[in-house]
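J.: Structure in structure tokens, see below.
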Amino acid sequence: MKSLLRTFVSVAILLGVWQLVYIVGIVPEKYFPSVLSLLAAFWQMLMSGELAKGELMTFSRAALGLSAASLLGVTLAILADLYPVFGRGFRYISDVLQPIPPAAVVPMAVFSLGLGIKLYAFVIILVTVWPAYMNGVAALSSVSPVQLAAGRSLGCSRLELLRHIKLPAAMPEIFTGIRYAATIALIAVIVSEMLAGRDGLGFMIFKKAFANRTPEVFALMFVVAINGVALNALVNGLRWLVTGWHIRMMERTE
Amino acid sequence: MKRTDVLGLSVPLVALILWQAMALLKHSPLFPGPFEVALAIGSHFREIAGQLGYTLMRAAIGFAIAVASMVPLGIFLGRFHKIGRLLEPVIDMLATLPPPAVVPLVMLFTGTGDAAKIVVIAYAAAVPLLMNTYEASYSVHPMMNRVARSLQLGKFETMLHVDLPASLPMIATGARLALASSLLVSITSEMLLSTNGIGVFLQRSQEYFSIDAGLAGIAFISLTGLIINALMFKLEKRWLYWHYREAA
Amino acid sequence: MKLSKRLLLCALSAAALGAAAAPSFAENLKVKFAYLVADSMLPALYANDQGYFKEAGIDPEFIPVQGGPAVVAALASGDADVGYAAVVPPVNGHLKGLPIRIFLHLGEEIAPDKVYVWLAASKASGITDLKSAKGKKIGFNANGGLCELAWRDHLASAGLKIEDVQPVVLPFPEQEAALEQGSIDATCTINPFMASISGNAKIGATVIANGTLADLKKPLVNDALFATEDWLSKHADAASKIAAVYDKAEKELLADDKKMADAAVKYMELKPEDAKAFRLPMVTNGLSVTGADIQPILDAMIRNGMQQGPLNGDDFVVNIKY
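One line per chain: the protein sequences are A, B and C, in this order. Using the numbering used here, read the first sequence as starting at 1 and increasing by one per residue. Using the numbering used here, read the second sequence as starting at 255 and increasing by one per residue. Using the numbering used here, read the third sequence as starting at 503 and increasing by one per residue.
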């Protein structure tokens with residue numbers, strides 16, 4: 001409930017800043033419409049039902065893609081931790097792939113992957129897998145040696161060490177990675193939708209822009225932004241479940 | 255340099271061989287293999303290298319702006335956690351806006367030149383930096399806080415002498431992500447508001463269906479990212495030796 | 503908790519998959535159209551709602567994409583059967599070894615009134631004609647597209663080269679703001695954006711040239727439908743039927759201004775005031791295309807250094823009777 005309130009406050013802050021910029025009038029109204037016309041555009045899209053349809057597509061794609069990519073990233077990080085040779089080798093691949101901008105590779109990927117589900121999977125995994133993987137590797141390798149020694153002296157095997165000591169200790173940092181991944185997963189979905197052009201918020205933004213409907217475009221941008229919060233709430237909820245002890249331990253009194 | 259990591263290198267080598275095999279099977283100009291890409295690198299070398307300078311310059315400026323503004327902000331929000339909690343959704347919202355949607359908006363204020371691109375780059379780089387700094391600063395070990403209090407450090411001193419150093423390892427991870435996204439968004443912004451830079455080369459290649467040339471450009475970007483990452487890693491090891499010593 | 507999480511994921515994936523599956527009609531041929539959001543596609547979208555495709559035994563699906571090259575990419579990947587875009591992208595694709603051919607041309611330009619591309623300059627830029635564009639920032643929507651060709655050809659007619667100006671590649675929807683705020687001095691644009699720019703008093707736009715080429719005495723093909731050679735050889739009859747349906751819809755729209763404006767509002771989501779200025783591009787001698795129709799644009803591409811010649815128009819087309 002509290003987080004819902006905070007989201008509401010945040011939206012209000014952003015809309016307020018927007019309206020302020022509008023009132024100051026640096027940019028002509030035609031290109032920077034008032035909050036009122038954004039709301040009108042939002043209402044119209046809501047009533048016609050197109051917004052709900054686009055929203056459902058985009059959010060489910062982002063959530064699904066993020067889950068798959070995060071699982072993959074953590075799995076790879078665990079593999080890299082268990083098998084250092086794989087870790088070193090995969091590091092070369094990740095170093096090579098990570099700097100590639102999706103905007104550069106996506107239009108070329110369309111030739112091989114088409115405009116369907118394969119394209120989405122490729123783009124989302126390509127960009128979203130790294131934060132979970134990188135934070136995972138970093139966190140797994142920096143688990144305190146004291147903890148590990150304690151585990152070993154209790155007779156833990158390598159796998160048990162991983163399961164009971166390393167992973168729990170690494171979870172907070174992994175989730176920070178996933179949280180970052182959540183935002184870029186959404187970006188990846190929007191960019192793909194702009195390109196694949198069938199449905200979703202990204203497609204709607206592109207279609208409205210080409211119809212010269214500025215208020216609709218910006219209203220949709222706000223909707224995308226709110227999706228960011230929703231996706232993060234999902235990640236934070238999961239994080240609380242998985243790493244609750246860490247947060248509780250770290251809770252400080254100001 | 256240590257001795258060559260033969261086993262480790264075999265992993266990417268296998269990947270390359272698989273790629274080449276797939277290309278041979280597909281046998282299409284739209285699916286060039288590593289060999290064709292290498293040829294394309296040879297023939298476009300000058301053009302790409304010339305454009306890369308613009309891209310890197312803008313990425314560096316944007317990144318620098320992001321570091322200078324977001325690390326202090328992150329530490330601050332972590333320390334004054336009530337404000338941080340309040341603004342968390344704002345950060346989340348701003349972070350989710352994709353460059354193709356942000357660029358037209360930024361253009362309204364800064365035109366189509368370097369300034370517009372640098373703003374978008376700084377914006378993108380800010381996200382991982384702010385998130386990691388905030389997270390790290392917020393979760394500074396309680397013991398540290400007690401130490402700070404017993405030393406009677408003020409809020410500002412605590413931020414400077416306790417929160418910042420304690421957060422550095424995680425800031426470094428954030429910085430690496432931010433650097434990657436600076437380069438990434440630098441290129442993306444060139445594709446959306448193109449005047450010069452490697453993004454323009456990529457776009458031209460795509461629009462003329464020269465997939466091999468496009469991949470050659472991407473290979474260059476990869477290489478650049480690789481070098482930057484390696485440098486970053488070296489610096490990290492040098493500056494954060496205490497963290498690594500502890501973990502080793 | 504575990505179960506409900508799984509249920510949620512399950513429901514999400516079902517939603518994602520469910521929406522992708524469209525209803526199919528067993529007896530009708532399914533044809534996927536990938537199209538650029540531009541004027542000449544209007545009759546096809548209108549015809550679909552009128553049920554003309556169904557009557558012809560075709561079950562179409564329409565996939566709007568962002569640019570001409572993306573349309574060609576969709577065809578090359580096999581995710582679309584028929585593409586609609588300007589002529590330049592399929593020509594470039596064909597030259598790169600993609601087995602793609604143009605089978606219908608939809609719009610053509612003829613001087614002085616049937617033009618659909620404009621080079622417009624803002625008052626503040628001080629540009630009054632092509633010559634004065636020297637050294638200025640000029641916009642166009644994509645590299646290697648029709649608008650780049652337009653700039654190159656018109657500049658050449660004024661004795662200038664593309665190197666004499668500063669090109670800025672900018673999507674159509676962003677050009678008006680950029681013009682008004684002085685980020686660019688002139689731009690190559692199409693409708694509905696041109697209508698909006700010319701109605702903007704703050705820009706005070708001057709049209710310094712119109713039409714894709716400087717010389718438009720002879721008709722010049724503007725945009726076209728194309729498909730892979732494989733699809734065309736298998737479905738020659740379907741290509742003819744598409745032509746017939748398209749022809750019928752176009753005639754209906756041209757006969758009734760209100761119908762046309764309504765269609766522009768409905769399918770291109772234009773604002774009603776923008777839709778009034780909407781004019782559907784046409785071809786004079788029927789939709790079928792021959793090598794000779796394509797040749798002028800090929801020659802212009804060669805002349806302006808966008809491709810190397812010689813090129814023969816016949817290699818790029820398939821002649822369809824309907």
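We put the beta carbon where it would ideally sit given N, CA and C, even for glycine.
1) If Q457 of chain B and N645 of chain C are in contact, beta carbons under 8 Å, what's the gap, nearest whole angstrom?
2) Restricting to Cα atoms, I'd like to know which of C:N643, C:L813, C:E771 is closest to L544 of chain C.
3) Measuring straight from C-alpha to C-alpha, what distance separates L414 of chain B and P131 of chain A?
4) Tell me whether the region 484-494 of chain B and the region 311-323 of chain B touch, counting them as touching only if at least three CB pairs, one residue from each stretch, are closer than 8 Å.
5) State buried or exposed for L270 of chain B, treating a residue as buried only when at least 16 other CB atoms are found within 10 Å of its CB.
6) Would you kindly work out how many angstroms separate the C-alpha atoms of L418 of chain B and A429 of chain B, rounded to a whole number?
7) Establish whether the CB of Q568 of chain C and some CB of chain A are separated by less than 8 Å.
8) The beta strand (DSSP E) that contains Q668 of chain C, what's its start and end?
9) Keeping to the same chain, check which residues put their C-beta closer than 8 Å to that of L662 of chain C; ignore five residues upstream and five downstream.
10) Using a cut-off of 9 Å between C-beta atoms, extract the partners of V74 of chain A located in chain C.
11) Whole angstroms is fine: what's the gap from A524 of chain C's alpha carbon to E193 of chain A's?
12) Along the chain, where does the alpha helix (DSSP H) that runs through L722 of chain C open and close?
13) Taking 7 Å as the cut-off, does the CB of G661 of chain C come closer than this to any heavy atom belonging to the ligand PLP?
14) Is it true that the CB of Y548 of chain C sits closer than 8 Å to the CB of Y824 of chain C?
15) Out of C:V589, C:S624, C:A746, point me to the one whose CA is closest to I560 of chain C's CA.
16) Which same chain residues, not among the five before or five after P99 of chain A, have their C-beta less than 7 Å away from its C-beta?
17) Residues of chain A with a CB under 9 Å from the CB of I565 of chain C: which are they?
18) For G641 of chain C, count neighbouring Cβ atoms within 10 angstroms of its own Cβ and tell me buried if that reaches 16, exposed if not.
19) Around the C-beta of S144 of chain A, are 16 or more other C-beta atoms found within 10 angstroms, so that it is buried, or is it exposed?
20) If the cut is a Cβ gap below 9 Å, which residues of chain C does P33 of chain A touch?
21) Please list, in chain order, all residues of the same chain as M45 of chain A whose beta carbon is under 6 Å from its beta carbon, the five residues on each side excluded.
22) Taking A578 of chain C as the reference, which of B:F410, B:F285, B:F330 has the closest Cα?
23) Relative to the C-alpha of E478 of chain B, which candidate in B:S436, B:P266, B:S459 has its C-alpha closest?
24) Check whether chain C comes within 8 Å of E290 of chain B, counting only Cβ atoms and requiring the distance to be less than that.
25) Given a limit of 9 Å on CB to CB distance, which residues of the region 671-697 of chain C reach chain B?
26) Determine, using beta carbons only, whether E731 of chain C and N702 of chain C come nearer to each other than 8 Å.
27) Taking the alpha carbon of L243 of chain A as the reference point, which residue from A:M134, A:A68, A:I165, A:W18 has its own alpha carbon closest?
28) At least one CB of chain C closer than 8 Å to the CB of R213 of chain A: is that the case?
29) What is the rounded straight-line gap between the Cα of D717 of chain C and the Cα of H737 of chain C?
30) Determine whether the Cβ of M276 of chain B lies closer than 8 Å to any Cβ atom of chain C.
31) Tell me which same chain residues have a C-beta within less than 7 Å of the C-beta of L15 of chain A, skipping the five on either side of it?
32) Does the region 148-167 of chain A come within contact of the region 182-202 of chain A, defined as at least 3 CB pairs closer than 8 Å?
33) Rounded to the nearest angstrom, what separates I612 of chain C and A622 of chain C at their Cα positions?
34) How big is the Cα-Cα spacing for M361 of chain B and F728 of chain C?
35) Of all Cβ atoms in chain B, is any one closer than 8 Å to the Cβ of G811 of chain C?
36) Starting from Q98 of chain A, find everything on chain B with Cβ-Cβ shorter than 7 Å and list it in chain order.
T.: Here's the rundown:
1) 6 Å
2) C:E771
3) 27 Å
4) no
5) exposed
6) 14 Å
7) yes
8) 668-671
9) L632, K633, A635, K636
10) The premise fails here: V74 of chain A is roughly 16 Å from chain C at the closest Cβ pair, so nothing lies under 9 Å.
11) Residue confidence for A524 of chain C is low, a pLDDT of 43 falling below 50, so the modelled location carries little weight and cannot support an answer.
12) L722 of chain C -> not in any alpha helix (DSSP H); beta strand (DSSP E) instead, spanning 722-730.
13) Of the ligands one can find in the structure shown there are none, so the ligand PLP has no counterpart to examine.
14) no
15) C:A746
16) none
17) L115, A196, G197, R198
18) buried
19) exposed
20) Simply none; closest approach about 12 Å.
21) L51
22) B:F285
23) It is worth fixing the name first, because residue 478 of chain B is Thr in this sequence and not Glu. Among B:S436, B:P266, B:S459, the Cα nearest to that of T478 of chain B is on B:S436.
24) no
25) V671, L672, P673, P675, E676, A679, A680, Q683, G684, S685, I686
26) no
27) Leu is not the amino acid found at residue 243 of chain A; the sequence shown has Thr there. Comparing Cα-Cα distances from T243 of chain A to each of A:M134, A:A68, A:I165, A:W18, the minimum goes to A:I165.
28) yes
29) 37 Å
30) no
31) V35
32) no
33) 19 Å
34) 35 Å
35) no
36) A434, G479
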